[in-house]
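Asks: Have a look at this one.
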Amino acid sequence: MVVDLMTLDLPIQTFDKISKLVYQVAGINLPPEKIGLVKSRLMKRLRSLNLSTFESYLEYVNHESSGQELTKMIDIITTNKTDFFRELQHFNFMREKIIPGFQKKQPVRIWSAGCSIGAEPYTIAIVLAEAITDLQNYDIKILATDISTEVLKTAKAGEYEAGIMEGMPDNLLKKYFFRKTDHNTIKFQVKDSIRSMIKYANLNLMGEWPMKGPFDLIFCRNVMIYFDKHTRQVLVERFYNLLANEGYFFVGHSESLTTSSHTFKYIQPAVYQK
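Taking our numbering, the leading residue of the sequence shown gets 333, the next gets one more, and so forth.
The structure is reproduced here in structure tokens:
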């Protein structure tokens with residue numbers, strides 16, 4: 333019998349088990365109002381695996397020994413909304429207040445935590461290239477990480493369709509991207525001069541952090557909104573410890589550290605300093 337997945341129900345008991353698993357693995361909090369989102373996103377996996385119920389899918393995830401399906405489930409459920417030059421105030425502050433203090437022989441390390449498809453780290457790199465005319469003489473490196481292996485593929489490739497580029501000013505689009513047509517679809521490829529500044533890596537913020545730091549700037553924007561208060565508290569402390577003295581921590585404008593106990597110095601909305 334062929335099952336109509338469009339009418340398939342996701343029982344609250346099964347949703348609760350999925351939510352608990354996602355929280356344990358990735359620290360992402362899925363409240364009951366997310367049941368529709370989880371259902372719609374997991375449908376494609378049920379179709380791919382020819383499974384007829386969400387219960388059978390969860391059982392498959394729990395018993396699949398390689399852990400690959402669990403990774404795919406996290407990939408699908410994770411929200412990856414991002415834009416170039418999103419929350420422009422951060423990049424203006426970086427250009428005006430931080431970059432002028434960089435020294436040629438002084439290493440500068442920047443971390444984009446939860447980089448999604450790469451718009452944030454590429455924006456950071458472009459801001460640096462615009463602000464520093466002899467950038468090649470500086471020791472600046474950007475680490476970009478995300479829990480999703482799928483979005484990291486896009487980030488590493490650095491190739492985007494025209495619709496994603498709406499936040500990119502035309503002059504910068506022409507300067508730092510190649511325009512090309514692929515099967516009648518216009519795409520933009522990030523130039524190697526920008527791509528070479530960034531190292532991408534898969535990282536679960538709930539797991540071990542292999543990098544030693546310290547970082548001069550850490551961007552973790554619009555990521556912690558998916559975590560509960562305890563998880564946010566733990567993360568804020570870990571970010572603080574990995575920052576260099578007087579380093580800067582950027583969060584999303586919809587986020588705040590007011591509900592967390594911390595020793596960061598407030599600089600301006602969504603910008604803090606160690």
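Where is the CB? At the ideal position from N, CA and C, for every residue including glycine. Treat the numbers as computed from the prediction; the structure is a model and nothing was measured.
#1: When you compare each of 485, 486, 360 and 454 to residue 528 by their alpha carbons, which one comes out closest?
#2: For a minimum of 3 consecutive residues, which ranges assigned as the beta strand (DSSP E) are wholly contained in the segment 496-556?
#3: In its own chain, which residues sit with a C-beta less than 6 Å from the C-beta of residue 360, not counting the 5 before and 5 after it?
#4: Is it buried or exposed for residue 308, if we count other Cβ within 10 angstroms and need 16 for buried?
#5: For residue 368 and residue 506, I'd like the C-alpha separation in whole angstroms.
#6: Among 377, 555 and 415, which one has its Cα closest to the Cα of residue 401?
#7: Can residue 470 and residue 523 be called in contact, C-beta distance under 8 Å?
#8: Are there three or more Cβ pairs, one per stretch, closer than 8 Å when the segment 439-458 is compared with the segment 514-521?
#9: Could you please give me the residues that DSSP links to residue 605 through a beta bridge?
#10: Is the beta carbon of residue 599 less than 8 Å from the beta carbon of residue 571?
#11: For residue 477, count neighbouring Cβ atoms within 10 angstroms of its own Cβ and tell me buried if that reaches 16, exposed if not.
#12: Would you mind stating whether residue 374 and residue 392 have Cβ atoms separated by less than 8 Å?
#13: Need the endpoints of the beta strand (DSSP E) that residue 478 sits in, please.
#14: What does the Cβ neighbour count give for residue 420, buried or exposed, with the cut at 16 atoms within 10 Å?
#15: Whose C-beta lies closer than 7 Å to the C-beta of residue 333 among residues of the same chain, with five residues either side of it excluded?
#16: Suppose contacts are defined by Cβ-Cβ distances below 8 Å. Is residue 459 in contact with residue 427 by that definition?
#17: Ends of the beta strand (DSSP E) at residue 491?
#18: May I have the straight-line CA-CA distance separating residue 595 from residue 602, to the nearest angstrom?
#19: With a threshold of 16 other CB atoms inside 10 Å of the CB of residue 562, please say whether the residue is buried or exposed.
#20: Could you give the residue range of the beta strand (DSSP E) that holds residue 344?
Replies: The relevant details are as follows:
#1: For the purposes of this step, residue 528 is taken as the residue at position 196 of the sequence shown. When each option's Cα is compared against that of residue 528, the closest is 454.
#2: 509-514, 517-522, 530-534 and 547-552
#3: The sequence position of residue 360 within the sequence shown is 28, counting from 1. Once the five neighbours on either side are set aside, the close Cβ partners of residue 360 are 354 and 558.
#4: Examination of residue 308 is not possible in this model, given that the chain is present from 333 through 606 alone.
#5: Stepping through the sequence shown from its first residue, residue 368 is reached at position 36. Stepping through the sequence shown from its first residue, residue 506 is reached at position 174. Those two C-alpha atoms are separated by around 40 Å.
#6: Taking the first residue of the sequence shown as position 1, residue 401 is located at position 69. Restricting attention to 377, 555 and 415, the CA atom closest to the CA of residue 401 is found in 377.
#7: Walking along the sequence shown from the start, residue 470 turns up at place 138. Walking along the sequence shown from the start, residue 523 turns up at place 191. No, the Cβ-Cβ distance between residue 470 and residue 523 is not below 8 Å.
#8: no
#9: As a first step, residue 605 is located in the sequence shown; it is residue number 273 there, counting from the start. Answer is 580 and 597, bridged to residue 605.
#10: To locate residue 599, count along the sequence shown from 1; it is residue 267. To locate residue 571, count along the sequence shown from 1; it is residue 239. For residue 599 and residue 571, no; Cβs fall outside 8 Å.
#11: Along the sequence shown, one-based indexing puts residue 477 at 145. Classification of residue 477: buried, given that the 10 Å Cβ count is 16 or more.
#12: Position 42 of the sequence shown holds residue 374. Position 60 of the sequence shown holds residue 392. No, these two residues do not count as a Cβ contact at 8 Å.
#13: Numbered from its first residue, the sequence shown carries residue 478 at position 146. Residue 478 -> beta strand (DSSP E) spans 472-478.
#14: Numbered from its first residue, the sequence shown carries residue 420 at position 88. Flag for residue 420 reads exposed.
#15: The residue labelled residue 333 in the question sits at position 1 within the sequence shown. No answer about residue 333 holds up, because its pLDDT of 38 lies below 50 and its placement is not dependable.
#16: By one-based count along the sequence shown, residue 459 stands at place 127. By one-based count along the sequence shown, residue 427 stands at place 95. Cβ atoms of residue 459 and residue 427: closer than 8 Å.
#17: Residue mapping note: residue 491 aligns to position 159 of the sequence shown, counting from 1. Unbroken beta strand (DSSP E) run through residue 491: 491-493.
#18: Position 263 of the sequence shown, counting from 1, holds the residue named residue 595. Position 270 of the sequence shown, counting from 1, holds the residue named residue 602. Computed Cα separation, rounded: 15 Å.
#19: Position 230 of the sequence shown holds residue 562. Exposed, because fewer than 16 other Cβ atoms sit within 10 Å of the Cβ of residue 562.
#20: Position 12 of the sequence shown, counted from the start, is the residue given in the question as residue 344. Looking at the DSSP string, residue 344 is not in any beta strand (DSSP E); the run it does join, the alpha helix (DSSP H), is 344-358.
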